[in-house]
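*Asks:* Below is one structure. I have some questions about it.
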C-alpha cells in the first residue's frame with residue numbers, strides 16, 4: 199500500500215519578561231489517511247491545546263479518531279473539530295476562522311519555504327480553488343432530487359461524502375473500511391459491496407468502468423460549482439466532507 203506522509207513541524211517556545219518568544223522546530227513524520235491523497239505542513243505553537251496544530255495559513259487542525267486531519271473551530275475558549283477534512287475545502291469559504299494571525303505566523307524563526315507553500319497550493323488546487331467563482335444564484339438539479347438528498351438520512355451506513363475525480367460523481371460511505379459504498383449515477387445511488395478489509399479507493403477503481411457505463415446511460419454531469427454546495431450540504435448532514443477523491447496512482 200502506498201504510504202502518504204505529512205511532515206509536521208512541532209514548535210515549542212519559551213519566553214521571559216526580558217525577551218520575545220522564540221520557537222524551536224522539531225520535524226515529525228505522521229501518516230495521513232490513505233484515501234486523502236495529499237500532504238501538507240503544520241506546526242504546533244507552545245500554547246496550542248493538546249493534539250491541535252496550525253496550518254501554514256493559520257487554521258487549527260487535528261487528527262480525528264478515523265485518522266483524518268480535520269479543521270477546527272473556536273467555541274468560546276475551546277477548539278472543536280469540524281467535519282471538514284483538510285485539503286477538501288477552502289477554510290475561509292467554509293466559515294472557518296484563523297486561530298493565529300498572519301503577524302503571529304511571521305514571528306516564527308523560520309518562515310515557510312517556497313517548496314512548502316507549493317505543496318499547500320497543490321493541495322488547494324485539488325480541492326478546486328476555482329470554486330471561489332461560484333455564484334449564489336447557481337442551484338444544481340440534484341439539490342431538488344429526493345433520491346439524492348435521501349442519503350442525508352443514511353447515517354447507519356454513511357458518515358462521509360466526497361466526489362470521485364474520474365468520472366466526477368459523488369460517493370459516500372462510513373468508516374475507514376466500510377461494507378458498502380454509494381455512488382451517485384444521476385438517477386439514484388448505486389451500491390458497491392466491498393470485500394473484507396478492502397479500501398474504498400480500491401473498490402472505486404474496481405468498479406470504475408461500470409460507473410462510467412451507468413453515467414453514459416443517464417448523461418449525468420458534475421460541475422465545479424457543485425463542489426462547494428455539496429460541501430455545505432455535508433456539513434448540514436453532519437458528514438465528513440472528503441472533497442475530491444483521486445484514485446489515480448493508487449496501488
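In the numbering used here, the protein residues as written are 199 to 449. Even for Gly, the Cβ is constructed at its ideal location relative to N, Cα and C.
(1) Quick one, are the C-beta atoms of residue 359 and residue 432 less than 8 Å apart?
(2) Roughly how many whole angstroms lie between the Cα atoms of residue 296 and residue 242?
(3) By the 10 Å Cβ neighbour count, where 16 or more other Cβ atoms means buried, how is residue 369 classified, buried or exposed?
(4) Residue 248: buried (16+ other C-beta within 10 angstroms of its C-beta) or exposed?
(5) DSSP state of residue 383, grouped into three classes?
(6) Does the distance from the CB of residue 269 to the CB of residue 259 come in under 8 Å?
(7) Around the Cβ of residue 384, are there at least 16 other Cβ atoms within 10 angstroms (buried) or fewer (exposed)?
(8) Enumerate in chain order the residues of its own chain whose CB-to-CB distance from residue 389 is below 7 Å, with the five nearest sequence positions on each side excluded.
(9) So, are the CB atoms of residue 402 and residue 445 less than 8 Å apart?
(10) Straight-line CA distance for residue 342 to residue 246?
(11) Please report the distance separating the alpha-carbon of residue 286 from that of residue 396.
(12) By how many angstroms is the C-alpha of residue 274 removed from the C-alpha of residue 443?
(13) Return helix, strand or coil for residue 375, following the three-state DSSP convention.
(14) Please identify the residue among 356, 376, 386 and 412 whose C-alpha is closest to the C-alpha of residue 393.
(15) Taking the straight line between their C-alpha atoms, what separation do you get for residue 441 and residue 424?
(16) Who are the Cβ neighbours of residue 264 in its own chain at under 6 Å, not counting the five residues just before and after it?
(17) Who pairs with residue 282 in a beta bridge, going by DSSP?
(18) Could you tell me which whole alpha helix (DSSP H) segments of length 4 or greater appear in the stretch 386-424?
(19) Alpha carbon to alpha carbon, what distance is there between residue 240 and residue 251?
(20) Between residue 408 and residue 256, what straight-line distance do the alpha-carbon atoms span, to the nearest angstrom?
(21) Apart from the five residues just before and just after residue 363, which ones in its own chain have a Cβ nearer than 8 Å to its Cβ?
(22) Tell me which residues share the same chain as residue 292 and place their Cβ nearer than 6 Å to its Cβ, disregarding the 5 neighbours each side in the sequence.
(23) Does the distance from the CB of residue 366 to the CB of residue 439 come in under 8 Å?
*Replies:* On the basis of the data shown:
(1) Numbered from its first residue, the chain shown carries residue 359 at position 161. Numbered from its first residue, the chain shown carries residue 432 at position 234. When the beta-carbon positions are compared, residue 359 and residue 432 come within less than 8 Å of each other.
(2) Along the chain shown, one-based indexing puts residue 296 at 98. Along the chain shown, one-based indexing puts residue 242 at 44. Using only the alpha carbons, I get a separation of about 14 Å.
(3) Counted from its first residue, the chain shown places residue 369 at position 171. Counting Cβ neighbours within 10 Å, residue 369 comes out buried, since at least 16 surround it.
(4) Numbered from its first residue, the chain shown carries residue 248 at position 50. Flag for residue 248 reads exposed.
(5) For the purposes of this step, residue 383 is taken as the residue at position 185 of the chain shown. Under the three-state reduction of DSSP, residue 383 is assigned to coil, being neither helix nor strand.
(6) Residue 269 sits at position 71 when you count from the first residue of the chain shown. Residue 259 sits at position 61 when you count from the first residue of the chain shown. Cβ distance < 8 Å, so residue 269 and residue 259 count as in contact.
(7) The residue given as residue 384 occupies position 186 in the chain shown. So residue 384 counts as buried.
(8) Residue numbering aside, residue 389 sits at position 191 when the chain shown is read from its first letter. So the list reads 378 and 380, once near-sequence residues are dropped.
(9) In the chain shown, counting from the first residue as 1, residue 402 sits at position 204. In the chain shown, counting from the first residue as 1, residue 445 sits at position 247. Contact flag set, yes.
(10) In the chain shown, residue 342 corresponds to position 144, counting from 1. In the chain shown, residue 246 corresponds to position 48, counting from 1. Rounded to whole angstroms, residue 342 to residue 246 spans 43 Å at the Cα level.
(11) Sequence index remark: in the chain shown, residue 286 carries index 88 (1-based). Sequence index remark: in the chain shown, residue 396 carries index 198 (1-based). Residue 286 and residue 396: Cα-Cα distance of roughly 23 Å.
(12) As a working note, residue 443 is residue 245 in the chain shown. As a working note, residue 274 is residue 76 in the chain shown. Distance between the alpha carbons of residue 443 and residue 274: 33 Å.
(13) Numbered from 1 along the chain shown, position 177 holds the residue referred to as residue 375. Of the three classes helix, strand and coil, the one that applies to residue 375 here is coil, per DSSP.
(14) For this step, residue 393 is matched to residue 195 along the chain shown. Each of 356, 376, 386 and 412 was checked against the Cα of residue 393, and the nearest Cα belongs to 376.
(15) Working through the chain shown from its first residue, we reach residue 441 at position 243. Working through the chain shown from its first residue, we reach residue 424 at position 226. Cα to Cα, the separation comes out at about 11 Å.
(16) Residue numbering aside, residue 264 sits at position 66 when the chain shown is read from its first letter. Hits under 6 Å: 374.
(17) Residue 282 sits at position 84 when you count from the first residue of the chain shown. Beta-bridge pairing links residue 282 to 439.
(18) Within the stretch 386-424, the complete alpha helix (DSSP H) runs of at least 4 residues are 398-404 and 406-416.
(19) Taking the first residue of the chain shown as position 1, residue 251 is located at position 53. Taking the first residue of the chain shown as position 1, residue 240 is located at position 42. Going from the Cα of residue 251 to the Cα of residue 240 covers about 6 Å.
(20) Along the chain shown, one-based indexing puts residue 408 at 210. Along the chain shown, one-based indexing puts residue 256 at 58. Between the C-alpha atoms of residue 408 and residue 256 there is a straight-line separation of about 42 Å.
(21) Residue 363 sits at position 165 when you count from the first residue of the chain shown. Within the same chain, and ignoring the five residues on either side of residue 363 in sequence, the residues whose Cβ sits closer than 8 Å to its Cβ are 442, 443, 444, 445 and 446.
(22) Mapped onto the chain shown, residue 292 falls at position 94. Closer than 6 Å at the Cβ level, and outside the excluded window around residue 292, lie 282.
(23) As a first step, residue 366 must be located in the chain shown, where it is residue number 168. As a first step, residue 439 must be located in the chain shown, where it is residue number 241. Inclusion of residue 366 and residue 439 in the CB contact set at 8 Å is not warranted, their separation being larger than that value.
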